[in-house]
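Undergrad: Chains as they are written, first to last, in my numbering: chain S, 1 to 190; chain Z, 1 to 190.
Protein chains: 2
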Amino acid sequence: MSVIVNTDSRQNMIQSTALLMRERGVDATSFSEVLAHSGAPRGSIYHHFPGGKAQLIEEATRFAGEFTAAGLAAAMRDSEPVAAVRGFVSLWRKILTRSDFGAGCPVVAAALEGDRAPAVRDAAAKAFSQWEELLADAVEPHAPGRAHSIATLIIASIEGAVVLARAQRSVAPLERVAEELDRVITAALG
Amino acid sequence: MSVIVNTDSRQNMIQSTALLMRERGVDATSFSEVLAHSGAPRGSIYHHFPGGKAQLIEEATRFAGEFTAAGLAAAMRDSEPVAAVRGFVSLWRKILTRSDFGAGCPVVAAALEGDRAPAVRDAAAKAFSQWEELLADAVEPHAPGRAHSIATLIIASIEGAVVLARAQRSVAPLERVAEELDRVITAALG
DNA sequence: GTCTATACGAAGATAGAC
DNA sequence: GTCTATCTTCGTATAGAC
Chain S
1 MSVIVNTDSR QNMIQSTALL MRERGVDATS FSEVLAHSGA PRGSIYHHFP
51 GGKAQLIEEA TRFAGEFTAA GLAAAMRDSE PVAAVRGFVS LWRKILTRSD
101 FGAGCPVVAA ALEGDRAPAV RDAAAKAFSQ WEELLADAVE PHAPGRAHSI
151 ATLIIASIEG AVVLARAQRS VAPLERVAEE LDRVITAALG
Chain Z
1 MSVIVNTDSR QNMIQSTALL MRERGVDATS FSEVLAHSGA PRGSIYHHFP
51 GGKAQLIEEA TRFAGEFTAA GLAAAMRDSE PVAAVRGFVS LWRKILTRSD
101 FGAGCPVVAA ALEGDRAPAV RDAAAKAFSQ WEELLADAVE PHAPGRAHSI
151 ATLIIASIEG AVVLARAQRS VAPLERVAEE LDRVITAALG
């Protein structure tokens with residue numbers, strides 16, 4: 001029986017991959033760049049990821065999904081839905097402006113470019129489901145029956161707004177979406 | 001003074017490129033595939049597109065943006081906003097199911113992967129702006145002051161829902177977003 | 001306007017030494 | 001567990017004939 005140990009190298013590679021994915025996309029994230037970014041030694045690629053690039057991308061997608069889910073869960077635990085969503089938007093505003101609109105969502109990148117690798121696509125699908133579920137659970141008590149559709153609207157519109165914002169190099173789309181989401185959530189919970 | 005003539009070969013290549021982009025993304029759309037799909041002769045690539053792949057992708061993005069804008073304009077001209085958006089959603093439902101969730105939005109692909117080529121990113125940005133403007137103009141008479149943010153919510157949430165739908169291989173996210181958009185638009189115009 | 005042939009680079013993957 | 005070297009494939013791009 002073997003035990004997988006997350007050495008520093010391995011974990012660093014996964015995190016670097018997630019960071020590169022959100023800037024360049026899946027295809028353009030090469031081993032060379034992952035190694036340069038993570039400082040990992042070349043010989044460790046296929047040692048840690050015998051499944052090659054597909055495995056690395058899959059694990060990075062899962063990591064990004066769970067990282068975001070943890071943040072969302074904390075926000076939903078500490079705040080009312082309206083405030084939590086505002087916080088989520090603020091996080092995206094920071095990511096966009098600090099990267100000069102070079103960084104987006106790694107899970108979206110995985111969903112689009114990982115289309116040919118089922119495991120990657122499924123990891124993206126699971127991440128989206130997790131996020132929706134977290135939001136739906138928080139909304140459910142206030143808007144029974146409509147919680148799921150509101151949660152989906154939140155995730156979809158914010159992810160879409162991030163794409164628009166990157167293309168237009170402006171946070172304006174994100175702000176406008178946030179404004180409308182604020183109305184929707186407030187009205188539904190009122 | 002030279003005049004650019006859109007020969008069949010050239011236009012076919014542009015349309016094929018847009019179709020391939022929405023399935024594979026920008027990076028994975030190679031000349032070989034564009035040629036195979038369009039039936040264009042190999043020798044015509046750099047004849048028609050001296051700027052190489054960047055130019056081809058840019059023109060395909062512009063084509064896709066204007067094609068969609070024309071459809072949106074017609075819908076907004078013939079129907080009330082609520083019905084027009086429903087029609088837009090139906091179009092996406094068809095694209096997703098007919099392609100077995102293999103096809104998404106080529107403009108989104110351009111926005112994400114064309115990040116390194118400013119001309120491509122700008123073409124995507126312009127497409128999104130066009131669409132928003134068309135929607136905002138139709139909503140403006142009913143909801144002055146809020147038309148732009150509603151228009152952005154519609155575009156962003158539908159584009160986001162298409163990404164979610166592809167990952168999860170289900171139209172459910174699109175349906176849920178459509179349901180909420182219906183409420184938002186009906187309420188705003190009421 | 002279209003053809004073939006080819007240059008050139010980068011990518012993922014593998015083998016075998018240390 | 002990490003290294004170097006190499007294989008193979010595929011991509012864009014170019015040159016020059018027809």
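From the three backbone atoms N, C-alpha and C, an ideal C-beta is built for every residue, glycine too.
#1: Give me the residue from Z:Thr152, Z:Val89, Z:Arg176 and Z:Ile158 with the minimum Cα distance to S:Pro173.
#2: Under the assumption that S:Ala84 contacts S:Trp131 (Cβ atoms under 8 Å), give the Cβ distance between them as a whole number of angstroms.
#3: Going by the CB atoms, is the gap between Z:Val108 and Z:Gly114 shorter than 8 Å?
#4: Identify whether S:Ala103 lies in helix, strand or coil by the three-state DSSP scheme.
#5: Does the distance from the CB of S:Glu23 to the CB of S:Ala123 come in under 8 Å?
#6: Candidates S:Phe101, S:Ile150 and S:Ser32: which alpha carbon is nearest S:Gln168's?
#7: If you draw a straight line from the C-alpha of Z:Trp92 to the C-alpha of Z:Val162, how long is it?
#8: Considering Cα atoms alone, identify which of S:Glu179, S:Val184 and S:Arg176 is closest to S:Arg146.
#9: By DSSP, does Z:Phe49 sit in helix, in strand, or in coil?
#10: Are any of the Cβ atoms in chain S nearer than 8 Å to that of Z:Ser2?
#11: If contact means a Cβ-Cβ distance below 8 Å, which residues of the region 157-168 of chain S contact chain Z?
#12: To the nearest angstrom, report how far apart Z:Ala165 and S:Pro81 are at their CA atoms.
#13: Taking CB distances under 8 Å as the criterion, tell me whether S:Leu19 reaches chain Z.
#14: Taking just the CA atoms, how far does S:Leu35 sit from S:Arg42?
#15: From the beta carbon of Z:Asp100, is the nearest beta carbon of chain S less than 8 Å away?
#16: Return the first residue and the last residue of the alpha helix (DSSP H) that Z:Arg116 is part of.
#17: Applying a beta-carbon distance threshold of less than 8 Å, which residues of chain Z neighbour S:Ser90?
#18: Please confirm whether Z:Ala147 has its beta-carbon closer than 8 Å to some beta-carbon of chain S.
#19: With a threshold of 6 Å on Cβ separation, who are the neighbours of Z:Leu56 within its own chain once the five nearest residues in sequence on each side are excluded?
#20: Report the option in S:Gly87, S:Gly51, S:Glu66 and S:Ala156 whose CA atom is closest to the CA atom of S:Ala117.
TA: The relevant details are as follows:
#1: The residue labelled residue 173 of chain S in the question sits at position 173 within the first sequence. Selected option, being the one with the closest Cα: Z:Thr152.
#2: As a first step, residue 84 of chain S is located in the first sequence; it is residue number 84 there, counting from the start. As a first step, residue 131 of chain S is located in the first sequence; it is residue number 131 there, counting from the start. Contact doesn't hold; Cβ gap of about 12 Å is too wide.
#3: Residue numbering aside, residue 114 of chain Z sits at position 114 when the second sequence is read from its first letter. Residue numbering aside, residue 108 of chain Z sits at position 108 when the second sequence is read from its first letter. Not closer than 8 Å, so no.
#4: In the first sequence, counting from the first residue as 1, residue 103 of chain S sits at position 103. Correct three-state label for S:Ala103: coil.
#5: Your numbering for residue 23 of chain S matches position 23 in the first sequence. Your numbering for residue 123 of chain S matches position 123 in the first sequence. No.
#6: For the purposes of this step, residue 168 of chain S is taken as the residue at position 168 of the first sequence. Nearest C-alpha to S:Gln168: S:Phe101.
#7: In the second sequence, residue 92 of chain Z corresponds to position 92, counting from 1. In the second sequence, residue 162 of chain Z corresponds to position 162, counting from 1. Going from the Cα of Z:Trp92 to the Cα of Z:Val162 covers about 8 Å.
#8: Counting from 1 along the first sequence, the entry for residue 146 of chain S is found at position 146. Measuring from the Cα of S:Arg146, the nearest candidate turns out to be S:Val184.
#9: In the second sequence, the residue the question calls residue 49 of chain Z occupies position 49. Note: Z:Phe49 maps to coil in three-state DSSP.
#10: On the second sequence, position 2 is the one that residue 2 of chain Z refers to. Caution applies to Z:Ser2, whose pLDDT of 43 falls short of 50 and renders its modelled position unreliable; the value that the coordinates give is listed next. Answer no: the Cβ-Cβ gap between Z:Ser2 and chain S never drops below 8 Å.
#11: Ser157, Ile158, Glu159, Gly160, Ala161, Val163, Leu164, Arg166, Ala167 and Gln168
#12: Within the second sequence, numbered from 1, the residue matching residue 165 of chain Z stands at position 165. Within the first sequence, numbered from 1, the residue matching residue 81 of chain S stands at position 81. Each residue's alpha carbon lies about 24 Å from the other.
#13: Counting from one through the first sequence, the residue named residue 19 of chain S turns up at place 19. Not an interface residue.
#14: Locating residue 42 of chain S in the first sequence gives position 42, where the first residue counts as 1. Locating residue 35 of chain S in the first sequence gives position 35, where the first residue counts as 1. Their backbone Cα atoms lie some 7 Å apart in a straight line.
#15: As a position in the second sequence, residue 100 of chain Z is number 100, starting the count at 1. It does not; no Cβ of chain S falls within 8 Å.
#16: Mapped onto the second sequence, residue 116 of chain Z falls at position 116. Note, Z:Arg116: premise wrong, no alpha helix (DSSP H); not H, not E.
#17: What you label residue 90 of chain S is simply residue 90 of the first sequence in a count that begins at 1. Residues of chain Z whose Cβ lies closer than 8 Å to the Cβ of S:Ser90 do not exist; the shortest such Cβ separation is about 17 Å.
#18: One-based indexing of the second sequence puts residue 147 of chain Z at position 147. Chain S contact via Cβ: absent.
#19: For the purposes of this step, residue 56 of chain Z is taken as residue 56 along the second sequence, with counting starting at 1. Excluding positions up to five away in sequence, the list reads Thr17 and Phe49.
#20: The count along the first sequence starts at 1 and reaches residue 117 of chain S at position 117. Looking at the Cα atoms, S:Gly51 is the closest of the given residues.
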